[in-house]
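Residue numbers for the sequence shown follow the numbering used here, beginning at 156 and rising by one. Here a beta-carbon is modelled for each residue, glycine too, at the ideal position from N, C-alpha and C. Source: prediction; values computed, not measured. This report concerns only the one structure given below.
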Amino acid sequence: MNSIYDAIIVGGGVIGGSIAFQLAKRGKKVLLLEKDRLASKASSAAAGMLGAQAELDADNPLFTLASRSRGMFPALAEELKDISGIDIELVNKGMFKVALTKDQVAELKNMIRVQQDAGLEAEWLSTAEIRKTEPLLSDEIKGAMFIPKDGQVSATRLSLAFTESAAALGVDIKEFVHVSDLITENGCVTGVVTNIGGFSSENVIVAGGAWSAFLLEKSGMRLDSYPVKGECFSVLTDRPLLEKTIFSHGCYLVPKVGGRIIVGATVKANTFDQKVSLDGISTLIEKATQLLPAIKGTELEKTWAGIRPQTGDGLPYFGEHPACKGLFIATGHYRNGILLSPITGLLIADLLERKTNAEWSAFRLDRSIQTLYS
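Take a look at the structure:
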(Lines of atoms letter the chains of each structure in order from A and count residues from 1; the text may use other names and numbers.)
(Lines give C-alpha, C1' and ligand atoms only; values in the text may rest on other atoms or scores of the structure.)
Protein backbone atom coordinates (compact mmCIF):
# COMPACT_ATOMS: atom_id res chain seq x y z
CA MET A 1 0.00 0.00 0.00
CA ASN A 2 1.27 3.47 -0.93
CA SER A 3 1.35 6.62 1.21
CA ILE A 4 -1.62 7.66 3.28
CA TYR A 5 -3.55 10.72 2.13
CA ASP A 6 -6.07 12.98 3.83
CA ALA A 7 -8.31 12.41 0.81
CA ILE A 8 -8.33 10.49 -2.47
CA ILE A 9 -10.41 11.85 -5.34
CA VAL A 10 -11.55 9.50 -8.09
CA GLY A 11 -12.12 11.53 -11.26
CA GLY A 12 -10.07 14.22 -12.95
CA GLY A 13 -12.79 16.29 -14.58
CA VAL A 14 -14.07 19.69 -13.55
CA ILE A 15 -15.77 18.38 -10.37
CA GLY A 16 -12.81 16.34 -9.15
CA GLY A 17 -10.48 19.21 -9.98
CA SER A 18 -12.57 21.73 -8.07
CA ILE A 19 -12.70 19.48 -5.01
CA ALA A 20 -8.93 18.92 -5.15
CA PHE A 21 -8.34 22.66 -5.41
CA GLN A 22 -10.52 23.48 -2.41
CA LEU A 23 -9.01 20.73 -0.25
CA ALA A 24 -5.49 21.84 -1.17
CA LYS A 25 -6.32 25.40 -0.13
CA ARG A 26 -7.21 23.97 3.28
CA GLY A 27 -3.83 22.28 3.62
CA LYS A 28 -4.98 18.71 2.95
CA LYS A 29 -2.72 16.04 1.48
CA VAL A 30 -4.69 14.96 -1.58
CA LEU A 31 -4.34 12.36 -4.33
CA LEU A 32 -6.39 12.76 -7.52
CA LEU A 33 -6.72 9.73 -9.82
CA GLU A 34 -7.97 9.89 -13.42
CA LYS A 35 -8.49 6.81 -15.59
CA ASP A 36 -7.76 8.73 -18.80
CA ARG A 37 -6.39 12.21 -19.41
CA LEU A 38 -7.53 15.07 -17.21
CA ALA A 39 -10.77 16.67 -18.39
CA SER A 40 -11.04 14.19 -21.26
CA LYS A 41 -14.73 13.26 -20.91
CA ALA A 42 -17.81 15.41 -20.19
CA SER A 43 -15.74 18.33 -18.89
CA SER A 44 -14.08 18.94 -22.25
CA ALA A 45 -17.29 18.18 -24.16
CA ALA A 46 -19.28 20.93 -22.42
CA ALA A 47 -20.05 24.28 -24.04
CA GLY A 48 -19.26 26.07 -20.77
CA MET A 49 -22.56 27.90 -20.27
CA LEU A 50 -23.27 29.36 -16.84
CA GLY A 51 -27.03 29.20 -17.32
CA ALA A 52 -28.37 29.34 -13.78
CA GLN A 53 -31.46 31.32 -14.77
CA ALA A 54 -31.85 30.01 -18.31
CA GLU A 55 -32.00 26.32 -17.42
CA LEU A 56 -33.55 26.14 -13.95
CA ASP A 57 -36.87 27.09 -12.37
CA ALA A 58 -36.75 29.40 -9.37
CA ASP A 59 -38.55 26.84 -7.18
CA ASN A 60 -36.02 24.10 -8.01
CA PRO A 61 -33.66 23.38 -5.06
CA LEU A 62 -30.85 23.43 -7.61
CA PHE A 63 -31.60 27.03 -8.56
CA THR A 64 -30.17 28.57 -5.39
CA LEU A 65 -27.09 26.36 -5.55
CA ALA A 66 -26.51 27.23 -9.21
CA SER A 67 -27.01 30.96 -8.67
CA ARG A 68 -24.48 31.03 -5.86
CA SER A 69 -22.00 29.02 -7.88
CA ARG A 70 -22.39 31.39 -10.83
CA GLY A 71 -21.60 34.30 -8.54
CA MET A 72 -18.28 32.72 -7.56
CA PHE A 73 -16.83 32.82 -11.09
CA PRO A 74 -15.43 36.37 -11.32
CA ALA A 75 -13.21 35.99 -8.25
CA LEU A 76 -12.44 32.37 -9.11
CA ALA A 77 -11.28 33.30 -12.61
CA GLU A 78 -8.73 35.71 -11.16
CA GLU A 79 -7.59 33.26 -8.48
CA LEU A 80 -7.08 30.39 -10.90
CA LYS A 81 -5.19 32.59 -13.35
CA ASP A 82 -2.92 33.88 -10.58
CA ILE A 83 -2.03 30.33 -9.51
CA SER A 84 -2.07 28.38 -12.79
CA GLY A 85 -1.62 31.06 -15.43
CA ILE A 86 -4.70 29.71 -17.24
CA ASP A 87 -7.38 32.15 -18.40
CA ILE A 88 -10.75 30.38 -18.18
CA GLU A 89 -12.17 32.89 -20.69
CA LEU A 90 -15.04 34.06 -18.53
CA VAL A 91 -17.56 36.04 -20.59
CA ASN A 92 -20.22 38.07 -18.79
CA LYS A 93 -22.25 39.48 -21.67
CA GLY A 94 -25.51 37.83 -20.69
CA MET A 95 -27.69 35.29 -22.46
CA PHE A 96 -30.81 35.36 -24.62
CA LYS A 97 -33.34 32.59 -24.05
CA VAL A 98 -35.40 32.94 -27.21
CA ALA A 99 -39.00 32.13 -28.08
CA LEU A 100 -39.99 30.66 -31.45
CA THR A 101 -43.69 30.08 -30.72
CA LYS A 102 -46.53 31.90 -28.94
CA ASP A 103 -46.51 29.26 -26.22
CA GLN A 104 -42.81 29.85 -25.63
CA VAL A 105 -43.42 33.61 -25.44
CA ALA A 106 -45.99 33.06 -22.68
CA GLU A 107 -43.73 30.58 -20.90
CA LEU A 108 -40.74 32.95 -20.90
CA LYS A 109 -42.76 35.96 -19.79
CA ASN A 110 -44.05 33.96 -16.85
CA MET A 111 -40.52 32.78 -16.07
CA ILE A 112 -39.37 36.41 -16.05
CA ARG A 113 -42.13 37.40 -13.59
CA VAL A 114 -41.21 34.56 -11.24
CA GLN A 115 -37.52 35.42 -11.34
CA GLN A 116 -38.12 39.14 -10.88
CA ASP A 117 -40.32 38.37 -7.86
CA ALA A 118 -37.36 36.42 -6.48
CA GLY A 119 -35.15 39.50 -6.87
CA LEU A 120 -33.29 38.30 -9.96
CA GLU A 121 -32.42 40.28 -13.07
CA ALA A 122 -34.34 39.23 -16.17
CA GLU A 123 -36.33 41.13 -18.79
CA TRP A 124 -38.35 40.54 -21.93
CA LEU A 125 -36.98 41.97 -25.18
CA SER A 126 -38.87 42.23 -28.44
CA THR A 127 -37.39 41.01 -31.71
CA ALA A 128 -36.48 44.60 -32.62
CA GLU A 129 -34.71 45.11 -29.30
CA ILE A 130 -32.76 41.85 -29.68
CA ARG A 131 -31.59 42.88 -33.13
CA LYS A 132 -29.82 45.92 -31.68
CA THR A 133 -27.13 43.57 -30.37
CA GLU A 134 -27.77 40.45 -32.49
CA PRO A 135 -28.77 41.68 -35.97
CA LEU A 136 -28.17 38.31 -37.64
CA LEU A 137 -30.70 36.32 -35.63
CA SER A 138 -33.64 34.81 -37.48
CA ASP A 139 -36.94 36.57 -38.20
CA GLU A 140 -38.63 33.50 -36.69
CA ILE A 141 -37.59 34.59 -33.19
CA LYS A 142 -40.56 36.25 -31.48
CA GLY A 143 -38.63 37.75 -28.59
CA ALA A 144 -36.36 36.65 -25.78
CA MET A 145 -35.73 36.58 -22.08
CA PHE A 146 -32.52 38.53 -21.48
CA ILE A 147 -30.50 37.26 -18.53
CA PRO A 148 -27.58 39.65 -17.90
CA LYS A 149 -25.81 37.48 -15.32
CA ASP A 150 -25.81 34.15 -17.18
CA GLY A 151 -22.41 33.90 -18.86
CA GLN A 152 -19.96 31.31 -20.10
CA VAL A 153 -16.40 30.01 -19.76
CA SER A 154 -14.08 27.67 -21.62
CA ALA A 155 -14.99 24.31 -20.08
CA THR A 156 -11.64 22.71 -20.85
CA ARG A 157 -9.65 25.68 -19.58
CA LEU A 158 -11.67 25.78 -16.36
CA SER A 159 -11.12 22.07 -15.75
CA LEU A 160 -7.38 22.31 -16.36
CA ALA A 161 -7.09 25.51 -14.33
CA PHE A 162 -8.54 23.65 -11.34
CA THR A 163 -6.13 20.71 -11.65
CA GLU A 164 -3.08 22.88 -12.46
CA SER A 165 -3.86 25.09 -9.45
CA ALA A 166 -4.41 22.04 -7.25
CA ALA A 167 -1.06 20.61 -8.36
CA ALA A 168 0.65 23.92 -7.64
CA LEU A 169 -0.77 23.73 -4.11
CA GLY A 170 0.62 20.22 -3.56
CA VAL A 171 -2.02 17.79 -4.85
CA ASP A 172 -0.62 14.56 -6.31
CA ILE A 173 -2.26 13.93 -9.68
CA LYS A 174 -2.00 10.66 -11.58
CA GLU A 175 -3.46 10.14 -15.06
CA PHE A 176 -4.25 6.77 -16.66
CA VAL A 177 -4.87 5.19 -13.27
CA HIS A 178 -8.00 3.04 -13.11
CA VAL A 179 -9.64 2.65 -9.70
CA SER A 180 -11.10 -0.85 -9.75
CA ASP A 181 -12.45 -1.08 -6.21
CA LEU A 182 -12.84 0.60 -2.86
CA ILE A 183 -11.21 -0.84 0.24
CA THR A 184 -13.52 -0.88 3.25
CA GLU A 185 -13.27 -2.21 6.78
CA ASN A 186 -15.96 -2.27 9.47
CA GLY A 187 -18.21 0.11 7.56
CA CYS A 188 -15.46 2.61 6.81
CA VAL A 189 -13.52 3.32 3.64
CA THR A 190 -9.75 2.87 3.99
CA GLY A 191 -8.48 3.32 0.45
CA VAL A 192 -8.70 2.30 -3.20
CA VAL A 193 -7.40 -0.47 -5.44
CA THR A 194 -5.91 0.61 -8.78
CA ASN A 195 -3.98 -0.82 -11.72
CA ILE A 196 -0.76 0.54 -10.20
CA GLY A 197 -1.41 -0.59 -6.63
CA GLY A 198 -3.34 0.46 -3.56
CA PHE A 199 -3.60 3.89 -1.95
CA SER A 200 -4.75 4.58 1.60
CA SER A 201 -7.06 7.25 2.95
CA GLU A 202 -9.92 7.53 5.41
CA ASN A 203 -11.69 9.80 2.91
CA VAL A 204 -12.43 8.79 -0.68
CA ILE A 205 -14.42 11.09 -2.96
CA VAL A 206 -16.03 9.55 -6.03
CA ALA A 207 -16.37 12.31 -8.64
CA GLY A 208 -16.22 10.32 -11.85
CA GLY A 209 -19.32 11.72 -13.54
CA ALA A 210 -21.46 9.13 -15.30
CA TRP A 211 -18.76 6.52 -14.66
CA SER A 212 -19.13 6.85 -10.87
CA ALA A 213 -21.91 4.26 -10.90
CA PHE A 214 -19.57 1.45 -11.98
CA LEU A 215 -17.23 1.87 -9.02
CA LEU A 216 -20.08 2.30 -6.55
CA GLU A 217 -21.96 -0.77 -7.77
CA LYS A 218 -18.84 -2.92 -7.47
CA SER A 219 -18.79 -1.86 -3.85
CA GLY A 220 -22.44 -2.79 -3.34
CA MET A 221 -23.98 0.67 -3.70
CA ARG A 222 -26.36 2.01 -6.33
CA LEU A 223 -27.54 5.55 -6.95
CA ASP A 224 -30.58 6.44 -9.02
CA SER A 225 -28.49 7.76 -11.90
CA TYR A 226 -27.94 7.13 -15.58
CA PRO A 227 -25.79 8.39 -18.48
CA VAL A 228 -27.06 10.86 -21.07
CA LYS A 229 -25.21 11.36 -24.33
CA GLY A 230 -25.00 14.86 -25.75
CA GLU A 231 -23.72 15.52 -29.27
CA CYS A 232 -22.29 18.90 -30.32
CA PHE A 233 -20.46 20.54 -33.17
CA SER A 234 -18.48 23.73 -33.66
CA VAL A 235 -18.01 26.08 -36.58
CA LEU A 236 -15.44 28.72 -37.50
CA THR A 237 -16.52 32.13 -38.73
CA ASP A 238 -14.60 34.78 -40.67
CA ARG A 239 -16.61 37.56 -39.01
CA PRO A 240 -18.49 37.86 -35.72
CA LEU A 241 -22.00 36.40 -36.00
CA LEU A 242 -23.00 36.53 -32.32
CA GLU A 243 -22.14 38.53 -29.24
CA LYS A 244 -24.21 36.70 -26.63
CA THR A 245 -25.09 33.07 -25.98
CA ILE A 246 -28.39 32.05 -27.57
CA PHE A 247 -30.44 29.43 -25.74
CA SER A 248 -33.59 27.84 -27.12
CA HIS A 249 -35.60 24.65 -26.85
CA GLY A 250 -33.31 21.84 -28.02
CA CYS A 251 -30.40 24.01 -29.16
CA TYR A 252 -27.88 26.56 -27.95
CA LEU A 253 -25.26 28.69 -29.72
CA VAL A 254 -22.22 29.74 -27.70
CA PRO A 255 -19.76 32.21 -29.30
CA LYS A 256 -16.16 31.52 -28.30
CA VAL A 257 -12.74 33.14 -28.64
CA GLY A 258 -11.22 32.94 -32.12
CA GLY A 259 -14.42 33.06 -34.13
CA ARG A 260 -15.76 29.71 -32.95
CA ILE A 261 -19.40 28.95 -32.21
CA ILE A 262 -20.34 25.81 -30.28
CA VAL A 263 -23.73 24.32 -31.12
CA GLY A 264 -25.39 21.74 -28.88
CA ALA A 265 -26.74 19.46 -27.72
CA THR A 266 -28.71 16.31 -28.36
CA VAL A 267 -30.14 14.26 -25.49
CA LYS A 268 -29.84 10.47 -25.71
CA ALA A 269 -30.35 8.66 -22.41
CA ASN A 270 -28.91 5.38 -21.12
CA THR A 271 -25.88 5.08 -23.35
CA PHE A 272 -22.12 5.36 -22.95
CA ASP A 273 -21.64 5.32 -26.73
CA GLN A 274 -19.64 8.42 -27.63
CA LYS A 275 -19.90 8.07 -31.40
CA VAL A 276 -21.45 11.07 -33.14
CA SER A 277 -24.49 10.28 -35.28
CA LEU A 278 -25.40 11.96 -38.56
CA ASP A 279 -28.98 12.16 -37.31
CA GLY A 280 -27.93 14.04 -34.18
CA ILE A 281 -25.76 16.56 -35.99
CA SER A 282 -28.34 17.04 -38.77
CA THR A 283 -30.97 17.88 -36.16
CA LEU A 284 -28.67 20.41 -34.51
CA ILE A 285 -27.79 22.02 -37.85
CA GLU A 286 -31.48 22.44 -38.62
CA LYS A 287 -32.18 24.02 -35.23
CA ALA A 288 -29.09 26.25 -35.38
CA THR A 289 -30.01 27.49 -38.85
CA GLN A 290 -33.52 28.31 -37.64
CA LEU A 291 -31.94 30.58 -35.00
CA LEU A 292 -29.02 31.98 -36.99
CA PRO A 293 -29.38 31.58 -40.77
CA ALA A 294 -25.86 32.94 -41.38
CA ILE A 295 -24.39 29.85 -39.71
CA LYS A 296 -24.99 27.98 -42.99
CA GLY A 297 -22.03 29.81 -44.52
CA THR A 298 -19.54 28.92 -41.79
CA GLU A 299 -16.82 26.26 -41.77
CA LEU A 300 -17.53 23.06 -39.84
CA GLU A 301 -14.69 22.67 -37.33
CA LYS A 302 -15.46 19.41 -35.54
CA THR A 303 -18.11 17.21 -33.95
CA TRP A 304 -18.04 15.38 -30.61
CA ALA A 305 -20.16 13.78 -27.91
CA GLY A 306 -20.02 13.79 -24.13
CA ILE A 307 -21.64 11.53 -21.54
CA ARG A 308 -23.34 13.44 -18.74
CA PRO A 309 -24.52 12.01 -15.39
CA GLN A 310 -28.24 12.49 -14.77
CA THR A 311 -30.30 11.40 -11.75
CA GLY A 312 -33.86 10.16 -11.37
CA ASP A 313 -35.09 13.40 -9.80
CA GLY A 314 -32.77 15.73 -11.71
CA LEU A 315 -30.78 16.76 -8.63
CA PRO A 316 -27.09 15.97 -8.11
CA TYR A 317 -25.75 13.87 -5.26
CA PHE A 318 -23.43 15.46 -2.69
CA GLY A 319 -22.48 13.81 0.54
CA GLU A 320 -21.13 10.99 2.63
CA HIS A 321 -22.49 7.52 2.03
CA PRO A 322 -24.80 6.61 4.95
CA ALA A 323 -23.49 3.03 5.11
CA CYS A 324 -19.78 3.69 4.55
CA LYS A 325 -18.02 6.31 6.66
CA GLY A 326 -15.50 8.39 4.74
CA LEU A 327 -16.94 7.61 1.31
CA PHE A 328 -18.12 10.84 -0.30
CA ILE A 329 -19.89 11.16 -3.62
CA ALA A 330 -20.27 14.14 -5.96
CA THR A 331 -22.05 13.25 -9.17
CA GLY A 332 -25.29 13.74 -11.11
CA HIS A 333 -24.60 17.30 -12.29
CA TYR A 334 -26.04 16.51 -15.76
CA ARG A 335 -25.80 19.65 -17.96
CA ASN A 336 -24.62 21.87 -15.10
CA GLY A 337 -21.23 20.43 -14.16
CA ILE A 338 -19.28 23.49 -15.28
CA LEU A 339 -21.72 25.88 -13.60
CA LEU A 340 -21.83 23.91 -10.34
CA SER A 341 -18.13 23.08 -10.12
CA PRO A 342 -17.04 25.97 -7.85
CA ILE A 343 -19.69 25.39 -5.20
CA THR A 344 -19.36 21.61 -5.40
CA GLY A 345 -15.70 21.90 -4.47
CA LEU A 346 -16.56 24.08 -1.48
CA LEU A 347 -19.44 21.87 -0.38
CA ILE A 348 -17.44 18.63 -0.46
CA ALA A 349 -14.46 20.25 1.27
CA ASP A 350 -16.82 21.43 4.02
CA LEU A 351 -18.33 17.95 4.38
CA LEU A 352 -14.89 16.42 4.85
CA GLU A 353 -14.39 18.87 7.71
CA ARG A 354 -17.78 17.77 9.13
CA LYS A 355 -19.39 21.11 8.32
CA THR A 356 -22.98 20.55 7.20
CA ASN A 357 -25.61 22.90 5.82
CA ALA A 358 -29.29 21.96 6.00
CA GLU A 359 -29.91 24.23 3.01
CA TRP A 360 -28.40 21.58 0.75
CA SER A 361 -30.35 18.62 2.17
CA ALA A 362 -32.18 18.10 -1.14
CA PHE A 363 -28.93 16.74 -2.58
CA ARG A 364 -28.18 14.19 0.16
CA LEU A 365 -27.37 10.64 -0.88
CA ASP A 366 -29.89 8.81 1.27
CA ARG A 367 -32.88 10.19 -0.65
CA SER A 368 -32.69 7.26 -3.10
CA ILE A 369 -29.63 5.12 -2.41
CA GLN A 370 -29.76 1.32 -2.52
CA THR A 371 -27.40 -1.13 -0.83
CA LEU A 372 -26.94 -4.11 -3.13
CA TYR A 373 -25.12 -6.27 -0.62
CA SER A 374 -23.19 -5.95 2.62
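Quick check: what's the CA-CA separation for residue i versus residue j?
i      : j      : result
PHE402 : GLY364 : 24 Å
ALA449 : GLU244 : 25 Å
ARG509 : ILE163 : 17 Å
LYS264 : SER293 : 20 Å
ALA517 : THR466 : 13 Å
SER529 : SER198 : Per-residue confidence for SER529 stands at a pLDDT of 38, beneath the threshold of 50, marking its modelled position as unreliable; no derived number is given.
GLY226 : LEU324 : 24 Å
GLY206 : GLN259 : 18 Å
LEU527 : GLU372 : Per-residue confidence for LEU527 stands at a pLDDT of 42, beneath the threshold of 50, marking its modelled position as unreliable; the derived number appears in the next sentence. If I take the Cα positions, the gap works out to 8 Å.
LEU501 : GLN177 : 6 Å
ALA443 : GLY481 : 46 Å
ARG268 : ALA213 : 11 Å
ARG286 : LYS297 : 11 Å
ILE174 : ASN215 : 24 Å
VAL332 : LYS190 : 5 Å
GLY168 : GLY240 : 19 Å
PHE369 : ASN350 : 16 Å
ASP327 : LEU187 : 6 Å
SER389 : PHE301 : 24 Å
VAL412 : GLN429 : 26 Å
SER222 : SER309 : 19 Å
GLU514 : GLY487 : 18 Å
GLN208 : LEU520 : 25 Å
THR438 : TYR407 : 12 Å
VAL422 : ARG522 : 25 Å
ASN512 : LYS451 : 49 Å
SER224 : ASP272 : 21 Å
Is the Cβ-Cβ distance between residue i and residue j less than 8 Å?
i      : j      : result
VAL185 : ALA179 : yes
GLU386 : ALA420 : yes
ALA321 : LEU235 : no
ILE170 : ALA485 : yes
ILE462 : PRO382 : yes
THR392 : THR453 : yes
GLU262 : ASN491 : no
ILE498 : PHE483 : no
LEU470 : LEU217 : yes
LEU506 : GLY474 : yes
THR400 : GLN270 : no
ALA299 : VAL253 : yes
ILE159 : SER367 : no
GLU398 : LYS248 : yes
LYS457 : THR426 : no
By DSSP's criteria, residue i is part of a beta bridge. Which residues make up the other side?
i      : result
GLY346 : ILE338, SER355
LYS457 : SER389
ARG415 : LEU391, LYS411
ILE164 : LEU187, ILE360
ALA365 : None; ALA365 has no bridge partner.
ILE159 : SER355
GLN307 : MET204, VAL246
GLN465 : TYR381
PHE483 : ILE360, GLU475
GLY298 : ALA254
THR400 : MET250
ASP212 : Per DSSP, none; premise fails for ASP212.
ALA424 : VAL383
Alpha carbons only, please: which of the options is nearest the one belonging to residue i?
i      : options                        : result
ASP161 : ILE170, LYS183, LYS297, GLN177 : LYS183
LEU446 : GLY353, ALA230, VAL409         : VAL409
PRO395 : LEU291, LEU520, ALA221, THR511 : LEU291
GLY166 : ILE159, ARG181, ARG192         : ARG192
LEU495 : LYS190, THR511, MET204         : MET204
ALA424 : ALA273, LEU313, GLY353, PRO464 : PRO464
PRO303 : GLN271, ARG519, MET250         : MET250
ALA201 : ASP505, ALA460, GLY474         : ALA460
VAL334 : THR318, GLY342, GLY353, GLU319 : GLY353
GLY405 : LEU255, LEU220, SER224         : LEU255
GLU319 : ASP237, ILE416, ARG522         : ASP237
GLY172 : SER314, ALA273, SER281, PHE228 : SER314
GLY342 : THR282, ASP242, ASN512, HIS476 : HIS476
ALA230 : ASP242, THR219, LEU220         : ASP242
ASP129 : PHE228, VAL418, GLU284         : Here the chain has residues from 156 to 529 only, and residue 129 is not among them.
So with Cβ pairs under 8 Å, would you call residue i a contact of chain C?
i      : result
LYS264 : In the structure shown, chain C cannot be found, because there is only a single protein chain.
key: Inter-stretch contact (C-beta, 8 Å, three-pair minimum) for the segment 276-295 and the segment 339-346   = No contact exists between the segment 276-295 and the segment 339-346.
query = Would you call the segment 353-370 and the segment 325-345 touching, i.e. three or more CB-CB distances under 8 Å?
reply = Judged by Cβ distances under 8 Å, the segment 353-370 makes contact with the segment 325-345, as three or more pairs qualify.
inquiry  = For the pair the segment 374-381 and the segment 429-439, tell me if three or more CB-CB distances fall below 8 Å.
reply    = No, because fewer than three Cβ pairs between the segment 374-381 and the segment 429-439 fall closer than 8 Å, the two stretches do not touch.
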